[in-house]
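Undergrad: FYI, the numbering for the sequence shown is 1 to 295, going by the working numbering.
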Amino acid sequence: MTSQHPIKITIEGDAHSIRAAFTPPSPSLPASYFPHPTHSLPLDSRHLIANKRAKHHPITWGCVGVIAVSALILNVPTVGNWWDSLPGVKQWQKQVAKVMNVKQSNQSQSFSLEKESALAKWFRPVKAHDSLGNVFMVRERIYFPCLRKDKQDCTLHPVTGERHSAHRGIDAAGRIDHSGKPISVRRKPQYAPGLKGPVLVICFEEKGGAGFGAILTPQEPKGTRFRSFHLDEPCKDGTYPLNAVIGYTGSTGTSTAPHLHFEEQHYNSNTGKWENVNPTLAYAFQIVNGRLPWQ
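#1: May I ask you to report which of helix, strand or coil DSSP gives GLN152?
#2: Round the Cβ separation of TYR143 and GLY290 to the nearest angstrom and send it over; I've been treating them as touching at under 8 Å.
#3: Is it right to say ASP153 is buried, meaning 16 or more other beta carbons lie within 10 angstroms of its own, or is it exposed?
#4: Hey, could you find the ends of the alpha helix (DSSP H) ASN270 is sitting in?
#5: By the three-class DSSP mapping on this structure, what secondary structure does SER228 have?
#6: Using three-state DSSP, classify LYS196 as helix, strand or coil.
#7: Determine the closest residue to LEU156 out of GLY169, LYS149, ARG141, ARG148, with distance taken between C-alpha atoms.
#8: Terminal residues of the continuous beta strand (DSSP E) containing PHE136?
#9: In three-state terms, what does DSSP make of PHE285?
#10: Could you round the C-beta distance between PRO279 and PHE262 to whole angstroms and report it? I think they count as a contact, below 8 Å.
#11: By the three-class DSSP mapping on this structure, what secondary structure does ASN101 have?
#12: Ignore the nearest five residues each way along the sequence and tell me which others in ALA210's own chain have a CB closer than 6 Å to its CB.
#13: How about CYS235 and ALA214: do their beta carbons lie closer than 8 Å?
#14: Determine, using beta carbons only, whether PHE212 and GLU205 come nearer to each other than 8 Å.
#15: Suppose you measure from the CA of THR305 to the CA of SER117; what does that come to, to the nearest Å?
#16: Which of the three DSSP states, helix, strand or coil, is assigned to GLN295?
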């Protein structure tokens, strides 16, 4: 059976190295007759293809050179300026910038909301059984101002048992350990609370009630001060850095066991008096831990 396009095969080399050269008989030979990949082509065919590919290079580089020289002579704008000058590009860039700004704003707003949510968790009035860390826990005796006529906002006095008593702060004692007994908080440090120092400390003694106590006025928040009762021993008046130790938990005055009695007062500019409020959880945490909850 004869082929319409015979291929001339020439054997070259010795017994150890034999190369077959496929030589097309004419330019009309179909491309399917050439072996693949290219490295299996005969030497003369590889040169033919290489020359065919390479002949475009001078033209390509010539065009690049003409464009570069023209840009220098005619002072053509840079690629960036040329891109910006295209119709619709600036509008597209503004839309992209707007989308990115909205995205960044949403992320910033989301972070701000998360931060506010975390702060709101601590900047709220203290409730019974709130945790103040690993040692202290708020007991049932929380803030009872006892201002209503029906006495529903009053508490039972722990010593006298009277219902009409006001309790203008919170009591925090030790947590319950694994044996069911409260952890002793005697001689536990108490620190100067607030958002910014220094903290002015005025110490006092009240034998029938507070025992040894301290009035703590920080630089911030303004118009706010704190009172701590039943300290183990007298403290010392002075100006203390924020979170400095000002005394130790005790059971002096009218007290049945070592605990922290903590009050928060706000200054009323209309009456010129300090008024008790339900203490803020963050400051109650700070006075027994020496730091704010998020620090």
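Note that CB positions come from ideal geometry on N, CA and C, so glycine has one too.
TA: Straight from the coordinates:
#1: For the purposes of this step, residue 152 is taken as residue 152 along the sequence shown, with counting starting at 1. Looking at GLN152 - three-state DSSP - the assignment turns out to be coil, as it is neither helix nor strand.
#2: Taking the first residue of the sequence shown as 1, we reach residue 143 at position 143. Taking the first residue of the sequence shown as 1, we reach residue 290 at position 290. That belief does not hold up - the Cβ atoms of TYR143 and GLY290 are roughly 23 Å apart, past 8 Å.
#3: Your numbering for residue 153 matches position 153 in the sequence shown. It is exposed - the Cβ of ASP153 has fewer than 16 other Cβ atoms within 10 Å.
#4: In the sequence shown, the residue the question calls residue 270 occupies position 270. Taken as a continuous stretch (DSSP letters only), ASN270 belongs to no alpha helix (DSSP H), as it is neither H nor E.
#5: Working through the sequence shown from its first residue, we reach residue 228 at position 228. Reduced to three states, the DSSP call for SER228 is strand.
#6: The residue you call residue 196 lines up with position 196 of the sequence shown. Secondary structure of LYS196 (DSSP, three-state): strand.
#7: The residue you call residue 156 lines up with position 156 of the sequence shown. If we check each option's Cα against that of LEU156, ARG141 comes out closest.
#8: Here residue 136 is taken as the residue at index 136 of the sequence shown, counted from 1. The continuous beta strand (DSSP E) containing PHE136 extends over residues 136 to 138.
#9: Start at 1 with the first residue of the sequence shown, and residue 285 comes out as number 285. If DSSP states are grouped into helix, strand and coil, PHE285 belongs with the helices.
#10: Position 279 of the sequence shown, counted from the start, is the residue given in the question as residue 279. Position 262 of the sequence shown, counted from the start, is the residue given in the question as residue 262. With 8 Å as the limit, PRO279 and PHE262 qualify as a contact, their Cβ atoms being about 6 Å apart.
#11: Translated into the one-based positions of the sequence shown, residue 101 becomes position 101. If DSSP states are grouped into helix, strand and coil, ASN101 belongs with the helices.
#12: Taking the sequence shown and counting its residues from 1, the one referred to as residue 210 is at position 210. These residues qualify, in order along the chain: PHE229, GLY253.
#13: Numbered from 1 along the sequence shown, position 235 holds the residue referred to as residue 235. Numbered from 1 along the sequence shown, position 214 holds the residue referred to as residue 214. Yes, the pair counts as a contact, with Cβ atoms nearer than the cut-off.
#14: On the sequence shown, residue 212 is found 212 positions in, with the first residue counted as 1. On the sequence shown, residue 205 is found 205 positions in, with the first residue counted as 1. Contact: yes.
#15: The structure shown does not extend to residue 305, since the chain spans only 1 to 295, so no value can be given for it.
#16: Residue mapping note: residue 295 aligns to position 295 of the sequence shown, counting from 1. Coil at GLN295, not helix or strand.
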